[in-house]
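Notes to accompany the following structure.
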Amino acid sequence: MNKPLRRVAIFCGLLVLALLVRVNWVQFVQADDLKNDKYNRRVAIERYSTPRGDIIVDGKPVTGSTTTGSGDFKYKRTYTNGKMWAPVTGYASQAFDANFLEKLNDSILTGTDDKLFFSRTVDMLTGGKQEGGNVVTTLSGKAQKAAFEGLGDKKGAVAAINPETGAILALATAPSYDPSTFAGMTDKDSKAYNALQRTNNPDDPTLNRALRQTYPPGSTFKVVTASAALENGLYTDIDAKTRSPLPWTLPDTAHQPLNNEGDLPCENASLREALRVSCNTVFGKISADLGNKAMKEEAEKFGFNNPKVDTPVRASESVYPKDNRPQNAMAGIGQASNRATPLQMAMVTAAIANGGKLMQPYMVEKLVAPNLNVVQQHTPKEMSKPLSPENAQKVQDMMETVVEKGTGTTAQIDGVKVGGKTGTAQHGENNKDNPYAWFISYAKTDKGTPVAVAVVIEGSDTLRNDIAGGKLSAPIAKSVMEAVLSDKK
Numbered sequence: 005m006n007k008p009l010r011r012v013a014i015f016c017g018l019l020v021l022a023l024l025v026r027v028n029w030v031q032f033v034q035a036d037d038l039k040n041d042k043y044n045r046r047v048a049i050e051r052y053s054t055p056r057g058d059i060i061v062d063g064k065p066v067t068g069s070t071t072t073g074s075g076d077f078k079y080k081r082t083y084t085n086g087k088m089w090a091p092v093t094g095y096a097s098q099a100f101d102a103n104f105l106e107k108l109n110d111s112i113l114t115g116t117d118d119k120l121f122f123s124r125t126v127d128m129l130t131g132g133k134q135e136g137g138n139v140v141t142t143l144s145g146k147a148q149k150a151a152f153e154g155l156g157d158k159k160g161a162v163a164a165i166n167p168e169t170g171a172i173l174a175l176a177t178a179p180s181y182d183p184s185t186f187a188g189m190t191d192k193d194s195k196a197y198n199a200l201q202r203t204n205n206p207d208d209p210t211l212n213r214a215l216r217q218t219y220p221p222g223s224t225f226k227v228v229t230a231s232a233a234l235e236n237g238l239y240t241d242i243d244a245k246t247r248s249p250l251p252w253t254l255p256d257t258a259h260q261p262l263n264n265e266g267d268l269p270c271e272n273a274s275l276r277e278a279l280r281v282s283c284n285t286v287f288g289k290i291s292a293d294l295g296n297k298a299m300k301e302e303a304e305k306f307g308f309n310n311p312k313v314d315t316p317v318r319a320s321e322s323v324y325p326k327d328n329r330p331q332n333a334m335a336g337i338g339q340a341s342n343r344a345t346p347l348q349m350a351m352v353t354a355a356i357a358n359g360g361k362l363m364q365p366y367m368v369e370k371l372v373a374p375n376l377n378v379v380q381q382h383t384p385k386e387m388s389k390p391l392s393p394e395n396a397q398k399v400q401d402m403m404e405t406v407v408e409k410g411t412g413t414t415a416q417i418d419g420v421k422v423g424g425k426t427g428t429a430q431h432g433e434n435n436k437d438n439p440y441a442w443f444i445s446y447a448k449t450d451k452g453t454p455v456a457v458a459v460v461i462e463g464s465d466t467l468r469n470d471i472a473g474g475k476l477s478a479p480i481a482k483s484v485m486e487a488v489l490s491d492k493k
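Be aware that the sequence shown starts at 5, since it is given in this note's numbering, and climbs by one per residue.
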C-alpha cells in the first residue's frame, strides 16, 4: 500500500474508532442523563403507554388506570376514594410528575425496575406488553376509613401503627384532595392542580399533615418526660410523692410561675396522679431537674431530632431543642420549641406499648411482579429502645389510669385495656390562636397490642373553651382502635 492510501486508511480508522467511542459514551455513560432529561418526551410517552401497576390495601387496589382517548399519553392514573388515600398514595400526574408511594415506587409501577427483570424477559420472549408491578401496603382499610371520617371537616391528622412490627395502619389528613382531578394533561387538570396549591388555598390540602407537619405536642409529651424520669432514676415508684411544690417557678426567671390548667391536686403529686390530671408543674420540674441533655437524649431515643425517618416516604424531623433551663422546662410539657409530627407521637406511644422497644415505621409490606411473584419483602426492624421493659410497664400503668379515670375516659373500649394521654397545645403568640387538640393511645388485648394511635386537631369550628384532646381527638382515636381490633377478631 502506498503512503497516501495508508494515511487515508489510518484517518478513516480513527474516524470509525471515534464513532465507536462516541456511541458507547452515549449508550453507557450518558444513558441515564439522556433518559432523565426533561426534554426527552419519549420516556414520558413510554411511561404512560401501558396501564400502571397498583397500590394495594387489604388485597384490593386503591388505584387504577384509564385510557385518555387523545394525545401521546395513552393511559392516566385513577384513584378509588382518592381523598381518603392521598396521604398514602400521593399522586401520579402526566403534567406534574408524582410524589409519595407513586414516586418512590415509580419503576415498579411502570414495570421498568431491575427487580422485574425476569418478568420483563418473559414479556420480550412471548411478545407480551410490559406490565407494572404492584405495591402492597400495610394499611388497614377499616382503620383508614375510621380516621378519615373521624377527621371530617376538621383540619388535622391521624397516624396509627402496629407497635409490635412498626407497620403503619392508618395515615389520614384533612383537608385532603383527589389525585384523579389532575392526573392528566388538560387545562382542566392544570386548573385543579393550581387550585390546591398553598398560594391559592390557605388550607393547603396537598400537605401531608400526618408526616410533614410538626406541632407542639402539648401534654402528650409528658409520657416522654415521665419515661426520662424513670430511665434516669429521678423517680422509681410511680405512686410515691414527687418533689413538686405548688406554685413552682421556672428556673432562671424573675419568679415566673409555671401554671397548671385549672385547680388541680398537683402539689407533690405522684407520677401516676400527675399524668392522670396532667400537671404542668410536676413535669416541668422533672424536665428542669433532669436538665436539657438528659431530656434531649431520651426524646431522641423515641425518634426526635432524626431527619431521616422514612416510611418509605420521608417524614419531617420532629425536634426536641437544645435550650436554656426555662425553655427546657417548657419543652418538657410539650411547649416552647418542642415540635412533633403525628407519626412521631404515634411512634412514642408504640414504643411504650411495645415494652420499651421502638420498631421502624413502614407502610410497604412487599413489592410484587405482574405475575404476583414477590420481588421485595419488608422485614420489621428495631429502631431503638427508649425504655426498659420494667419502666415501659410503669408508663403503661400511668396511661391506662388516664383512660380509666383521668382526662382520657372518652377513649374507653369495653373489654379492652386502653392507655392514653390528652394534650392541648398552645398556639400563636401569647396563645392567641385556638390550641391544638391531641390524643395518643394504644389498645391492648390478651393477644397483644395491635395498635397505637396519635390524633391532632389543628383547627375546627369548636368553641375555644371546648377545645381539648379528650373531647375532639380521643373519640377519633377510639374509632381507629376499634377498627383495628375488629380486623383482629
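From the three backbone atoms N, C-alpha and C, an ideal C-beta is built for every residue, glycine too.
Might you give, ordered along the chain, the residues of its own chain that have their beta carbon closer than 8 angstroms to the beta carbon of residue i, omitting 5 neighbours on each side?
i: Pro311; result: Glu321
i: Pro393; result: Gly359 and Gly360
i: Ser184; result: Arg81, Thr82, Tyr83 and Gly86
i: Ala147; result: Ala164, Leu173, Ala174, Val455, Val484, Ala487, Val488 and Asp491
i: Pro209; result: Pro179, Ser180, Tyr181 and Leu200
i: Lys451; result: Lys492
i: Ala333; result: Leu254, Pro255, Leu262, Gly288, Lys289, Ser291 and Ala292
i: Trp252; result: Pro261, Leu262, Thr285, Gly288 and Lys289
i: Val317; result: Gly94, Phe104, Leu105, Leu108, Asn212, Leu215 and Met367
Can you give the beta carbon distance from residue i to residue j, rounded, assuming they're within the 8 angstroms contact cut?
i: Ile55; j: Leu175; result: One detail in the question is off: residue 55 reads as Pro in this sequence, not Ile. Not confirmed; about 25 angstroms, so no contact.
i: Ala4; j: Ser274; result: The chain is shown only over 5 to 493; residue 4 falls outside these bounds and no answer can be derived.
i: Gly115; j: Gly137; result: 7 angstroms
i: Glu277; j: Ala232; result: Going by Cβ atoms, the distance from Glu277 to Ala232 rounds to 18 angstroms, so no, they are not a contact pair.
i: Tyr446; j: Pro206; result: Their Cβ separation, rounded to whole angstroms, is 34 angstroms, which puts Tyr446 and Pro206 out of contact at 8 angstroms.
i: Lys448; j: Lys421; result: 4 angstroms
i: Ala230; j: Leu279; result: 6 angstroms
i: Gly57; j: Leu19; result: That pair is no contact at about 46 angstroms.
i: Ser97; j: Lys78; result: Not quite, the Cβ-Cβ distance comes to about 15 angstroms (not below 8 angstroms), so this is no contact.
i: Phe188; j: Thr72; result: Note that residue 188 is Gly in the sequence shown, not Phe. Contact flag correct, Cβ pair sits at about 6 angstroms.
i: Ile60; j: Thr141; result: 6 angstroms
Among residues of its own chain, excluding the 5 on either side of residue i, which ones have a beta-carbon nearer than 6 angstroms to its beta-carbon?
i: Lys482; result: Ala415
i: Leu467; result: Caution is warranted here: a pLDDT of 36 is assigned to Leu467, below 50, making its placement in the model unreliable, and the coordinate value is therefore given only provisionally. Around Leu467: no qualifying Cβ.
i: Tyr197; result: Phe100 and Phe186
i: Lys385; result: Gln364
i: Gly474; result: Thr411, Gly412, Thr414 and Thr426
i: Lys297; result: none
i: Ser464; result: Caution applies to Ser464, whose pLDDT of 47 falls short of 50 and renders its modelled position unreliable; the value that the coordinates give is listed next. Contacts found: Lys158.
i: Leu23; result: none
i: Asn357; result: Rather than Asn, the amino acid found at residue 357 in this sequence is Ala. Excluding residues within five positions, the ones whose Cβ falls inside 6 angstroms are Pro167, Tyr446, Thr453 and Ala456.
i: Val459; result: Val162, Phe443, Ser477, Ile480 and Ala481
i: Gly68; result: Thr82
i: Pro65; result: Asp58
i: Ser388; result: Lys305 and Leu362
Kindly indicate if chain B contains any beta-carbon less than 8 angstroms away from that of residue i.
i: Asn438; result: Looking for chain B here will not work: only one protein chain is present.
Give the DSSP bridge partners of residue i, in chain order.
i: Gln381; result: Lys370
i: Ala441; result: Thr428 and Ile461
i: Ser69; result: Arg81
i: Pro261; result: Thr253
i: Glu304; result: DSSP, once it has assigned bridges, lists no residue as partnering Glu304.
i: Ala386; result: According to the sequence shown, residue 386 is Glu rather than Ala. In the DSSP output, where bridge partners are listed per residue, Glu386 has Met363.
i: Glu61; result: Note that residue 61 is Val in the sequence shown here, rather than Glu. Answer by DSSP bridge pairing, in chain order: Lys64.
i: Ser97; result: Asp101
i: Lys448; result: Lys421
i: Val455; result: Ala447
i: Val140; result: Ile60 and Lys370
i: Ile165; result: Ile172 and Ala456
Could you name the residues of the same chain whose beta carbon sits closer than 7 angstroms to that of residue i, not counting the 5 residues immediately before and after it, in chain order?
i: Phe306; result: Val228, Met351, Val352, Ala355, Leu362 and Pro390
i: Glu433; result: In this predicted model, Glu433 has a pLDDT of only 49, less than 50, meaning its place in the structure is not dependable; the value taken from the coordinates is given anyway. Around Glu433: no qualifying Cβ.
i: Leu250; result: Cys270, Glu271 and Thr285
i: Lys398; result: Leu234 and Ile242
i: Gln380; result: Lys119, Lys370 and Leu371
i: His382; result: Tyr366, Val368, Glu369 and Lys370
i: Tyr239; result: Ala233, Thr246 and Leu275
Contact the stretch 222-233 vs the stretch 275-288: 3+ CB pairs below 8 angstroms: With contact defined as three or more Cβ pairs closer than 8 angstroms, the stretch 222-233 and the stretch 275-288 are in contact.
What are the start and end residues of each continuous beta strand (DSSP E) run of 3 or more residues lying completely inside the stretch 170-248, in chain order? 172-178
For the 8 angstroms Cβ check, are there 3 or more pairs between the stretch 106-122 and the stretch 363-383? yes
State whether the stretch 160-168 contacts the stretch 335-348, with contact taken as three or more CB pairs (one from each stretch) at a distance under 8 angstroms. yes
The stretch 439-447 in contact with the stretch 409-429 per 3-pair CB rule at 8 angstroms: yes
Quick test of the definition: if touching needs 3 or more C-beta pairs under 8 angstroms, does the stretch 149-156 touch the stretch 327-346? no
Write down every uninterrupted run of the beta strand (DSSP E) in the stretch 315-378 whose length is 3 residues or greater and which is fully enclosed by it, in chain order. 368-372
Quick one: complete alpha helix (DSSP H) runs, 4+ long, within the stretch 263-290? The qualifying runs are 275-281.
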